[in-house]
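Asks:
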Amino acid sequence: MGVLFVFSAIVAVQYRIDISNAYKRLNNYDVKTVYTNFGKMSYMDEGTGETILISHGIFGGYDQAYVSLKGLVGDDFRKIAPSRFGYPGSDVPSQPTPENQARAFLDLLNQLGIKKTYLISTSAGGAAGIMFAIKYPERVKGLILLSSGVPASKKTREEIKGMTGPPAPLVNDFPMWFSTKYFGFVFKAMFASEIDKSLYDTMLPVVPRKKGIKIDESITNIDMDINFDDYEIEKITAPVLVIHAKDDPMAKYESVEKFIARTNAKTAVFERGGHLITGHGDAVSIAIKEFIERTK
Numbered sequence: 277m278g279v280l281f282v283f284s285a286i287v288a289v290q291y292r293i294d295i296s297n298a299y300k301r302l303n304n305y306d307v308k309t310v311y312t313n314f315g316k317m318s319y320m321d322e323g324t325g326e327t328i329l330i331s332h333g334i335f336g337g338y339d340q341a342y343v344s345l346k347g348l349v350g351d352d353f354r355k356i357a358p359s360r361f362g363y364p365g366s367d368v369p370s371q372p373t374p375e376n377q378a379r380a381f382l383d384l385l386n387q388l389g390i391k392k393t394y395l396i397s398t399s400a401g402g403a404a405g406i407m408f409a410i411k412y413p414e415r416v417k418g419l420i421l422l423s424s425g426v427p428a429s430k431k432t433r434e435e436i437k438g439m440t441g442p443p444a445p446l447v448n449d450f451p452m453w454f455s456t457k458y459f460g461f462v463f464k465a466m467f468a469s470e471i472d473k474s475l476y477d478t479m480l481p482v483v484p485r486k487k488g489i490k491i492d493e494s495i496t497n498i499d500m501d502i503n504f505d506d507y508e509i510e511k512i513t514a515p516v517l518v519i520h521a522k523d524d525p526m527a528k529y530e531s532v533e534k535f536i537a538r539t540n541a542k543t544a545v546f547e548r549g550g551h552l553i554t555g556h557g558d559a560v561s562i563a564i565k566e567f568i569e570r571t572k
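Following this line, the structure appears as structure tokens:
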């Protein structure tokens with residue numbers, strides 16, 4: 277009993293320190309705001325040169341988007357990192373669909389005076405990125421799908437099996453902190469990847485991301501199945517680069533293969549690496565930079 281008490285006390289102290297630092301970190305970025313047709317959108321805008329806008333994945337936000345993008349391309353390029361609907365600093369419209377998210381991205385680009393951009397879509401951010409390339413081809417210099425979900429086949433809600441988001445108890449500050457602190461091996465198994473501390477850092481705090489996570493679970497992550505016919509990917513005219521690992525357990529490569537065939541996409545495909553493409557960071561960055569150099 278004494279050992280348990282001591283452990284609980286240590287955990288409580290660690291949690292208070294870590295979660296306080298997480299909120300400070302989230303609020304310490306140079307964040308900007310625009311008002312789109314769907315409400316407020318928070319974003320980061322840094323660098324010069326060719327523009328890259330990133331559509332982040334679940335548990336994301338402007339912080340994760342920016343950290344991911346900077347990790348991919350370094351100090352090169354102009355990096356636009358918005359929070360999608362419901363993520364830190366961005367409103368939730370009445371219909372937070374990927375199509376409306378794509379329109380919100382368009383509003384952002386219009387207000388920033390950006391005529392054309394490269395678009396990187398990661399994981400759950402894939403639906404909005406793909407929809408943007410379909411709806412606004414004249415605004416896209418190139419579409420890069422990084423461990424992204426893709427439209428594979430039409431399904432009803434009843435036909436969609438398995439979880440479409442994280443377990444509900446995990447979607448809060450303490451459970452996520454405790455899980456990443458003491459049970460990181462579970463996430464490693466889920467992603468089939470080694471997980472860098474910087475990713476954990478940008479998943480916390482969870483509370484400012486809860487609305488976005490719920491949107492992804494209930495709408496975003498099933499939209500390409502339920503509304504499969506709306507994703508007319510043959511209409512994508514911009515060059516496409518698909519970066520993926522064949523053993524990705526979250527965005528199945530079997531679906532990605534079909535997308536590649538339908539779009540004639542360029543590829544950087546790895547046999548192993550999981551959802552985070554562990555062990556291939558340099559190769560991923562080189563693939564992105566070479567793709568931009570060839571198509572700019």
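Residue numbers (the working numbering): 277 to 572. Glycine is no exception: its CB is placed at the ideal position from the N, C-alpha and C atoms.
Could you tell me the alpha carbon to alpha carbon distance between Asn-297 and Thr-456, rounded to whole angstroms?
Replies: For the purposes of this step, residue 297 is identified with residue 21 of the sequence shown, where counting begins at 1. For the purposes of this step, residue 456 is identified with residue 180 of the sequence shown, where counting begins at 1. Spanning the two alpha carbons is a distance of roughly 15 Å.
Asks: Kindly indicate which three-state DSSP category Glu-322 falls into: helix, strand or coil?
Replies: Here residue 322 refers to the residue found at position 46 of the sequence shown. Strand at Glu-322.
Asks: Suppose contacts are defined by Cβ-Cβ distances below 8 Å. Is Tyr-305 in contact with Met-320 by that definition?
Replies: For the purposes of this step, residue 305 is identified with residue 29 of the sequence shown, where counting begins at 1. For the purposes of this step, residue 320 is identified with residue 44 of the sequence shown, where counting begins at 1. In this structure, Met-320 lies closer than 8 Å to Tyr-305 by Cβ.
Asks: How is the alpha helix (DSSP H) around Tyr-338 delimited, first residue to last?
Replies: Within the sequence shown, the letter at position 62 stands for residue 338. Looking at the DSSP string, the run of the alpha helix (DSSP H) that includes Tyr-338 is 338-349.
Asks: By DSSP, does Leu-552 sit in helix, in strand, or in coil?
Replies: Locating residue 552 in the sequence shown gives position 276, where the first residue counts as 1. In the structure shown, Leu-552 sits in coil (DSSP, three-state: anything other than H, G, I, E or B).
Asks: To the nearest angstrom, how far is the alpha carbon of Phe-567 from that of Arg-548?
Replies: By one-based count along the sequence shown, residue 567 stands at place 291. By one-based count along the sequence shown, residue 548 stands at place 272. When rounded, the distance between both Cα atoms is 22 Å.
Asks: Going by beta-carbon coordinates alone, are Ser-359 and Ser-370 separated by less than 8 Å?
Replies: Here the question's residue 359 lines up with position 83 in the sequence shown. Here the question's residue 370 lines up with position 94 in the sequence shown. Cβ distance not < 8 Å, so Ser-359 and Ser-370 don't count as in contact.
Asks: Can you tell me whether Pro-413 is buried or exposed? The criterion is at least 16 other CB atoms within 10 Å of its CB, across all chains shown.
Replies: Position 137 of the sequence shown, counted from the first residue, corresponds to residue 413. Exposed is the call here.
Asks: Taking all protein chains shown into account, do 16 or more other C-beta atoms lie within 10 angstroms of the C-beta of Asn-376, making it buried, or fewer, making it exposed?
Replies: The residue labelled residue 376 in the question sits at position 100 within the sequence shown. Its Cβ being crowded by 16 or more others within 10 Å, Asn-376 is buried.
Asks: Using alpha carbons as the reference points, say which of Asp-523, Asn-497, Lys-392 and Pro-515 lies closest to Lys-431.
Replies: Reading the sequence shown from its first residue, position 155 is the one you call residue 431. Cα-wise, what sits closest to Lys-431 is Asn-497.
Asks: Whose C-alpha, out of Lys-316, Val-289 and Leu-446, is nearest the C-alpha of Leu-480?
Replies: Position 204 of the sequence shown, counted from the start, is the residue given in the question as residue 480. The shortest Cα separation from Leu-480 among Lys-316, Val-289 and Leu-446 belongs to Leu-446.
Asks: Should Gln-340 go down as buried or exposed, given a rule of 16 or more other Cβ atoms within 10 Å for buried?
Replies: On the sequence shown, position 64 is the one that residue 340 refers to. Classification of Gln-340: buried, given that the 10 Å Cβ count is 16 or more.
Asks: Classify Pro-364: buried if its beta carbon has 16 or more other beta carbons within 10 angstroms, exposed otherwise.
Replies: In the sequence shown, residue 364 corresponds to position 88, counting from 1. Label assigned to Pro-364: buried.
Asks: Enumerate, from N- to C-terminal direction, the unbroken alpha helix (DSSP H) stretches of 4 or more residues contained entirely within the stretch 462-492.
Replies: If we require 4 residues or more, the alpha helix (DSSP H) runs fully inside the stretch 462-492 come out as 473-477 and 486-491.
Asks: From Ser-332 to Val-289, what does the alpha carbon distance come to, in whole angstroms?
Replies: Within the sequence shown, numbered from 1, the residue matching residue 332 stands at position 56. Within the sequence shown, numbered from 1, the residue matching residue 289 stands at position 13. Ser is not the amino acid found at residue 332; the sequence shown has His there. If I take the Cα positions, the gap works out to 31 Å.
Asks: Would you grab the beta carbon distance between Ile-260 and Thr-327 for me? Rounded to a whole angstrom, and I think it's under 8 Å.
Replies: Not covered by the structure: residue 260. The range shown for the chain is 277 to 572.
Asks: Within the same chain, show all residues whose beta-carbon is closer than 7 Å to that of Val-343, passing over the 5 residues directly before and after it, in chain order.
Replies: What you label residue 343 is simply residue 67 of the sequence shown in a count that begins at 1. Same-chain partners within the cutoff: Ser-474 and Thr-478.
Asks: Taking the alpha-carbon of Ser-424 as reference, which of Ile-553, Ile-562 and Gly-350 has the nearest alpha-carbon?
Replies: Reading the sequence shown from its first residue, position 148 is the one you call residue 424. It is Ile-553.
Asks: For Ile-491, which residues of its own chain have a beta-carbon under 6 Å away from its beta-carbon, when the five flanking residues on both sides are left out?
Replies: Indexing the sequence shown from 1 puts residue 491 at position 215. Within the same chain, Ile-491 has close Cβ partners Phe-361, Gly-362 and Pro-372.
Asks: Scan the stretch 380-460 and note each continuous beta strand (DSSP E) run of 3 residues or more that stays entirely inside, going in chain order.
Replies: Whole beta strand (DSSP E) segments, 3+ residues: 393-398 and 416-422.
Asks: Assuming Val-516 and Val-426 make a contact with CB atoms under 8 Å, what is their CB distance in whole Å?
Replies: Counting from 1 along the sequence shown, the entry for residue 516 is found at position 240. Counting from 1 along the sequence shown, the entry for residue 426 is found at position 150. At roughly 10 Å, the Cβ-Cβ gap does not stay under 8 Å, so Val-516 and Val-426 are not in contact.
Asks: Pick helix, strand or coil for Val-287, following the three-state DSSP scheme.
Replies: Translated into positions along the sequence shown, residue 287 becomes position 11. If DSSP states are grouped into helix, strand and coil, Val-287 belongs with the helices.
Asks: May I ask which residues mark the beginning and end of the alpha helix (DSSP H) holding Ile-562?
Replies: Residue numbering aside, residue 562 sits at position 286 when the sequence shown is read from its first letter. Its alpha helix (DSSP H) spans residues 557-571.
Asks: Going by beta carbon distance, what residues of the same chain come within less than 6 Å of Asp-499, once the five residues before and after it are set aside?
Replies: Within the sequence shown, residue 499 is the residue found at index 223, counting from 1. Taken in chain order, the residues that qualify are Pro-374 and Ala-403.
Asks: Between Val-462 and the rest of its own chain, which residues show a CB-CB distance below 7 Å, the 5 nearest in sequence each way excluded?
Replies: Mapped onto the sequence shown, residue 462 falls at position 186. The residues are Ser-455.
Asks: Taking the alpha helix (DSSP H) that Thr-539 falls in, what are its first and last residues?
Replies: For the purposes of this step, residue 539 is identified with residue 263 of the sequence shown, where counting begins at 1. Taken as a continuous stretch (DSSP letters only), the alpha helix (DSSP H) holding Thr-539 covers 529-539.
Asks: Going by DSSP, what residue range makes up the alpha helix (DSSP H) through Ile-498?
Replies: For the purposes of this step, residue 498 is taken as residue 222 along the sequence shown, with counting starting at 1. Looking at the DSSP string, the run of the alpha helix (DSSP H) that includes Ile-498 is 497-502.
Asks: Which of the three DSSP states is assigned to Pro-515 in this structure?
Replies: In the sequence shown, residue 515 corresponds to position 239, counting from 1. It is coil, neither helix nor strand.
Asks: Is the beta carbon of Ile-406 less than 8 Å from the beta carbon of Asp-501?
Replies: As a working mapping, residue 406 is identified with position 130 in the sequence shown. As a working mapping, residue 501 is identified with position 225 in the sequence shown. Cβ atoms of Ile-406 and Asp-501: not closer than 8 Å.
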